[in-house]
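Here the sequence shown is numbered in my numbering, starting from 141 and rising by one per residue.
All C-beta atoms, glycine included, are put in the ideal place defined by N, C-alpha and C.
Notes follow once the structure below has been shown.
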Amino acid sequence: MRLLSFLIWGGLSFGACGLDFPVELKYKVEDKVGKEYRRADVVVYVPVTGRSVPKGEGEAELEAEAKKGELVIHIKPKKNFSEWFLFIPVKKGYLHEEAYLEKVYSRSPSMKEVYHAYPVDITREGTFFLLPPSTPGEKLVLKIKYEGEVGKPRVFTSRPEQEEKSETVKVIYSFAFGYAKTETDNMNLKNVKKLIEQLAKSGKLAKVEIVGYADGKSTDPERNEQVAKERALSVARKLFSEHSVACLLSEKGIAKLPQETLR
């Protein structure tokens, strides 16, 4: 069984602090008390453009089941494909950045390849994934986690062409912390790091914000602020190098958000 990865490679120029996109560090202390206020958010800003209609819909059989935050899609091609794309509409929320993909040649004996598929395009309507070359008789099974609500997947033989700049979409990934804790071992941080690198290489990343939060349970305001700051920095160090984080602190510092700022 082979393990392959679909990645978008491109030129990566190193700008301020060794990063080719803006990064802002922020923190906020909430007046309220509760675990939902003990977190850090990674906010990814993705520019979204107007698109033409992609081609080649309806040239594969699809069966999809969405249950308990996981979407499972079975795809059977009707013709030979050297390059084709799966489109997953997102009605509310977001898809996780990495999909598990099996290409099944035979069930008896069992013959399959396993892939990790990443987004190759993000639009206002949903996300495109590149599928491996396939022929009739083969079957693809894609599994991906999601938050919110997704629509019926479709396959195309081309991606939509960019037409005009429209807006920037904000996607938020939240990571919880225990009371007064400033470190997290959440494994999904590695996936968010991959997504940021992927979007940066393809020129589809506008900005990243990292916001640390603390609740108002402690009666020591200075301690609350320190915890919120450390949560932001803890997550930042898992996404970027120590040099980059130190440089960001030196160049820009870490900004305090006022109480009226909403998530």
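- Looking at the DSSP output, L226 shares a beta bridge with F269, V295.
- Closest in C-alpha terms to K232, from the list L373, E265, K283, comes E265.
- Beta-bridge partners assigned by DSSP to P276: E278.
- Annotation for M327: no residue places its beta carbon closer than 6 Å to its own, counting only its chain and skipping 5 residues before and after.
- Here N220 is exposed. Its C-beta has fewer than 16 other C-beta atoms within 10 Å.
- If you look at A354, you'll find it in the beta strand (DSSP E) that goes 347-354.
- Pairing H214 with V311, the inter-Cα distance amounts to about 27 Å.
- Contact annotation: F161 and L379 have beta-carbon atoms that are not nearer than 8 Å.
- Per DSSP, the unbroken alpha helix (DSSP H) holding P361 starts and ends at 361-379.
- Around the Cβ of G393, a 10 Å sphere holds fewer than 16 other Cβ atoms; the residue is exposed.
- Within the same chain, Cβ atoms closer than 8 Å to the Cβ of G209 are found at K285, Y286, E287, the five residues on either side in sequence being excluded.
- Around the CB of A200, 16 or more other CB atoms lie within 10 Å, so the residue is classed as buried.
- Secondary structure note for V169: its beta strand (DSSP E) is the uninterrupted segment 163-169.
- In the DSSP assignment, Y286 forms a beta bridge with L235.
- Put simply, of I336, V295, K292 the residue whose alpha carbon is nearest the alpha carbon of Y313 is I336.
- If you check the CB distance, K334 and E278 do not come in under 8 Å.
- Per the Cβ contact rule, the region 223-232 is in contact with the region 257-276 (3 or more Cβ pairs under 8 Å).
- CA-to-CA, the gap between K175 and G356 works out to about 11 Å.
- In this structure, F317 and R179 form a Cβ contact; the two beta carbons are roughly 6 Å apart against a cut-off of 8 Å.
- Nearest neighbour of Y319 by Cα position, chosen from N364, V348, K341, turns out to be N364.
- Counting other Cβ atoms within 10 Å of its Cβ, Y258 reaches 16 or more and is therefore classed as buried.
- Under the DSSP assignment, K216 falls in the beta strand (DSSP E) whose first and last residues are 210-217.
- Our two residues, V188 and T322, have alpha carbons roughly 34 Å apart in a direct line.
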